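Remarks on the structure that follows.
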Amino acid sequence: MRTFTYKVPSSIRQATSDFGQSSDFLAGGTTLIDLMKLEVMTPSQLVDINRLPMRGIELASDGLRIGALEKMSDVAENQEVVANYPVISQALLKSASAQLRNMASMGGNLLQRTRCGYFRDVSTPCNKRQPGSGCPAIDGWNRTHAILGTSSSCVATHPSDLAVALVALDASILLQSENNNRLMKLDDFYQVPGETPDKENQLRPGELITEIVVPRLDFAQRSTYVKVRDRESYEFALCSAAVALDIRDSRIADARVAAGGVATVPWRLPAVEAALRGAPATVESFEAATEVAADGAKPLRDNGFKVSLLKRTIVRALLEGSRL
Amino acid sequence: MSRNLNDSSSSDLPPDAQAGSSRRQFISRLAAISAGLSVAAPLARSATTTEGNALEGKSPKKGTEEDLVEINFKVNGRHQKLEVDPRVTLLDAIRDRLGLTGTKKGCDRGACGACTVHMNGRRVLSCLTLALMTQGEEITTIEGLAKGDELHPVQAAFIGCDGFQCGYCTPGQIMSAVGCINEGHIRSDTEIQEFMSGNLCRCGAYPNIVDAIKIAAEQMKAGR
């Protein structure tokens, strides 16, 4: 690990003004310390935000607000979250391990970096880590990589389960800097790689995610998260699906669908949602609606299986969601 | 990760490593040798600035002292004050600086669970926690679990159920198991397996570990 200086600000304002060139904010550390050991990330200064007042899990009439420093485990077990937004709780509990969930913050989870093996190995090129150096994954080992939202520069998947659930629920994040607050839809926050895979989102230098805002969605009580992976637990997704269903008289009045593990960003599927609206809540209409799920997919040498896996994962989630 | 030279475990070397070495000394000697191989360049660089003292575990004089950070925290109920390089993890601080070597270094990357300790009563990974993040916090390691000679119920159950073979993952398994029971994630074998999935056992003692957790949970519920 490279040397760094360490600051502990006492306010959000001070944290953002302490943030200098080559700084990183330190919350749970589960991504950052790991990548600093690998020298994938080499900040010269860490600004420890753990003492800042960015906590609380509050359910109000207009929705749910979660402080960015709340731990994944606390949100997953929160009874209001479990009752009103089960997809959030399930996505969190299917992430990482009990220890990591006790450490990792909600805001940090949304900013975690890809698990692409080339990104994590500093002896190989990577356009995300070292812009312009090339992408060995495109012609290399790419079984776990993305089929959607890719470019000729990068095919790395976004690793967060939480983000998939939040994108399905139309959640926003509150971004705070020294003189500015802005609320942004999480779906707009993430950027596909294009020619600049090193720029993953809209976060500005010194800006902090301070809060997650999930709008009220009554039918989110009927929501679920299905995650398919190489082992049953403690593993990143090969494919995942977050769905919420509004079923009235055995027909789908409204639906929310997003997928993870298959795309460079959490992947909302409006075309699948549109195909579901008005359809009977049957396995046949679920299968028909997911026909368009992988439209535009660009499978690589080893990950062509994700095209059908994506459709089947969504069907499984819709089946589980419709039986709730 | 570069090794903090203050924390060199080579001072544990017995004067005569040939005769009467304990298992602990033997292992620490191996560790010192392998560390010497992997960080040969930094050691050599430091040796020139410290007149050859680095290998004896003494503090390098130049270039680091002003960067040390003081931390005050509680480990197993005792106040501890350390000056550490900001890069030192909680794992290295408790093992190399406090001599509490029960906590094991497995992957050192947050993937295996061998380094699990409790921070303020919650199970966390000490390899992904910087020591300076524990300022003012309370840490419990495997050494702090027993009450004197009386083993914690989870420790006793691991022995009773043969919940290990080589034993390397065991301190982490036990600390994680205590957390798992305290959290109440013991309603079925499946739930125990799910909530213990962050602790890997290369010997495959998993069925016995699940048995031990169920027995210990019953005893803890009964207040024994």
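These protein sequence lines map, in sequence, to chains P and W. Using numbering that gives the first Met the number 0, read the first sequence as starting at 0 and increasing by one per residue. Using numbering that gives the first Met the number 0, read the second sequence as starting at 0 and increasing by one per residue. Even for Gly, the Cβ is constructed at its ideal location relative to N, Cα and C. Keep in mind the model is a prediction, meaning the values are calculated, not measured.
In the structure shown, what three-state DSSP assignment does W/A46 receive? Note on W/A46: pLDDT 33, under 50, position unreliable in the model; the coordinate value appears next. In the structure shown, W/A46 adopts helical secondary structure according to DSSP, grouped into three states.
Nonlocal neighbours in the same chain, by C-beta distance under 8 Å from P/E234, ignoring five residues either side: Excluding residues within five positions, the ones whose Cβ falls inside 8 Å are R228.
Measuring only between beta-carbons, confirm whether P/T2 sits less than 8 Å from chain W. It does; some Cβ of chain W falls within 8 Å.
Let me know the secondary structure DSSP gives W/G159 once reduced to three states. Of the three classes helix, strand and coil, the one that applies to W/G159 here is helix, per DSSP.
Cβ-heavy atom distance, W/V209 to the ligand FAD, below 7 Å: The ligand content of the structure shown is nil, which means the ligand FAD is not present either.
May I ask you to report which of helix, strand or coil DSSP gives W/A34? Low confidence applies here, because W/A34 scores a pLDDT of 47, under 50, leaving its location unreliable; read the following figure in that light. Looking at W/A34 - three-state DSSP - the assignment turns out to be helix.
Is the CB of P/R49 under 8 Å away from at least one CB in chain W? Per the sequence presented here, residue 49 of chain P reads as Asn, with Arg not at that position. Output row for P/N49: interface = yes.
Check whether chain P comes within 8 Å of W/M219, counting only Cβ atoms and requiring the distance to be less than that. It does not; no Cβ of chain P falls within 8 Å.
Less than 6 Å between C-beta atoms, sequence neighbours within five positions excluded: which residues of the same chain meet that for W/F163? Cβ within range, chain order: T169 and A204.
Is the segment 207-227 of chain P touching the segment 81-94 of chain P, taking contact as three or more C-beta pairs under 8 Å? With the cut-off at 8 Å, the segment 207-227 of chain P and the segment 81-94 of chain P touch.
Residue range of the beta strand (DSSP E) that P/L58 falls in? Counting along the chain, P/L58 sits inside the beta strand (DSSP E) bounded by residues I56 to A59.
Could you confirm whether any beta carbon from chain P is found closer than 8 Å to the beta carbon of W/D161? No, because no Cβ of chain P sits closer than 8 Å to the Cβ of W/D161.
Any C-beta of chain W within less than 7 Å: which residues of the segment 93-109 of chain P qualify? Residues of the segment 93-109 of chain P that bring their beta carbon within less than 7 Å of a beta carbon in chain W comprise S96, A97, Q98, L99, N101 and M102, in sequence order.
Beta-carbon proximity list for W/I32, same chain, < 7 Å, skipping 5 on both sides: Because the pLDDT at W/I32 is just 49, under 50, the model does not fix this residue reliably, and the value given afterwards should be weighed accordingly. Cβ within range, chain order: n/a, list empty.
Using CA atoms only, rank isn't needed, just tell me which of P/A236, P/T312 and P/V121 is closest to P/V256. Nearest of P/A236, P/T312 and P/V121 to P/V256, Cα basis: P/T312.
Give me the Cα-Cα distance between P/E57 and P/G106, rounded to the nearest whole angstrom. So the two alpha carbons sit approximately 16 Å from each other.
Tell whether a beta-carbon distance below 8 Å holds between P/L182 and P/L165. With a cutoff of 8 Å on beta-carbon distance, P/L182 and P/L165 are scored as not near each other.
Does the Cβ of W/V87 have 16 or more other Cβ atoms within 10 Å, making it buried, or fewer, making it exposed? Classification for W/V87: buried.
Determine the closest residue to P/R50 out of P/E79, P/A270, P/S10 and P/L168, with distance taken between C-alpha atoms. Restricting attention to P/E79, P/A270, P/S10 and P/L168, the CA atom closest to the CA of P/R50 is found in P/S10.
Is the CB-CB distance between P/T289 and P/V271 below 8 Å? Between P/T289 and P/V271, the C-beta gap is smaller than 8 Å, which places the two residues in contact.
When P/V7, P/A287, P/G62 and P/L109 are compared against P/T29, the one with the closest alpha-carbon: When C-alpha distances from P/T29 are compared across P/V7, P/A287, P/G62 and P/L109, the shortest belongs to P/L109.
Among P/F304, P/L318 and P/L309, the one whose alpha carbon lies nearest that of P/N141: Ranking the options by Cα distance to P/N141, first place goes to P/F304.
In terms of residues, what are the limits of the alpha helix (DSSP H) holding W/N181? It spans T169 to E182 - the alpha helix (DSSP H) in which W/N181 sits, taken as one unbroken run.
Rounded to a whole number of angstroms, what is the C-alpha to C-alpha distance between W/G197 and W/G178? Annotation: W/G197 to W/G178 spans about 12 Å, alpha carbon to alpha carbon.
Endpoints, the beta strand (DSSP E) within which W/I214 is located: In the DSSP assignment, W/I214 falls outside any beta strand (DSSP E) and within the unbroken alpha helix (DSSP H) covering Y205 to K220.
Compare the Cα-Cα distances from W/G109 to each of P/L268, P/A252, P/A97 and P/L309 and report the closest residue. That would be P/A97, whose Cα lies nearest to the Cα of W/G109.
Sorted by chain position, which residues of the same chain lie with C-beta nearer than 7 Å to P/L216's C-beta, five sequence neighbours on each side aside? Sequence-distant Cβ neighbours of P/L216 in its own chain, meaning closer than 7 Å and more than five residues away, are L168 and A243.
I think W/K73 touches W/I141, with their Cβ atoms under 8 Å apart; what is that distance to the nearest whole Å? By a beta-carbon distance limit of 8 Å, W/K73 does not contact W/I141. Their separation comes to about 16 Å.
Measure the CB-CB distance between P/C238 and P/L308 and report whether it falls below 8 Å. A contact, by the Cβ cut-off of 8 Å.
Hey, does W/G120 have any beta-carbon neighbour from chain P nearer than 8 Å? Not an interface residue.
What is the DSSP secondary structure of P/G116, reduced to helix, strand or coil? It is coil, neither helix nor strand.
Span separating the alpha-carbon of P/R230 from that of P/K93: So the two alpha carbons sit approximately 12 Å from each other.
In the DSSP assignment, the alpha helix (DSSP H) including P/S72 goes from what residue to what residue? If you look at P/S72, you'll find it in the alpha helix (DSSP H) that goes M71 to E76.
From W/V153 to W/M195, what does the alpha carbon distance come to, in whole angstroms? Going from the Cα of W/V153 to the Cα of W/M195 covers about 14 Å.
Touch check for the segment 199-217 of chain P and the segment 267-284 of chain P: three-plus C-beta pairs under 8 Å? At 8 Å Cβ cutoff, the stretches do not touch.
Do three or more CB pairs link the segment 145-160 of chain W to the segment 102-122 of chain W at distances below 8 Å? Result no; under three Cβ-Cβ pairs closer than 8 Å.
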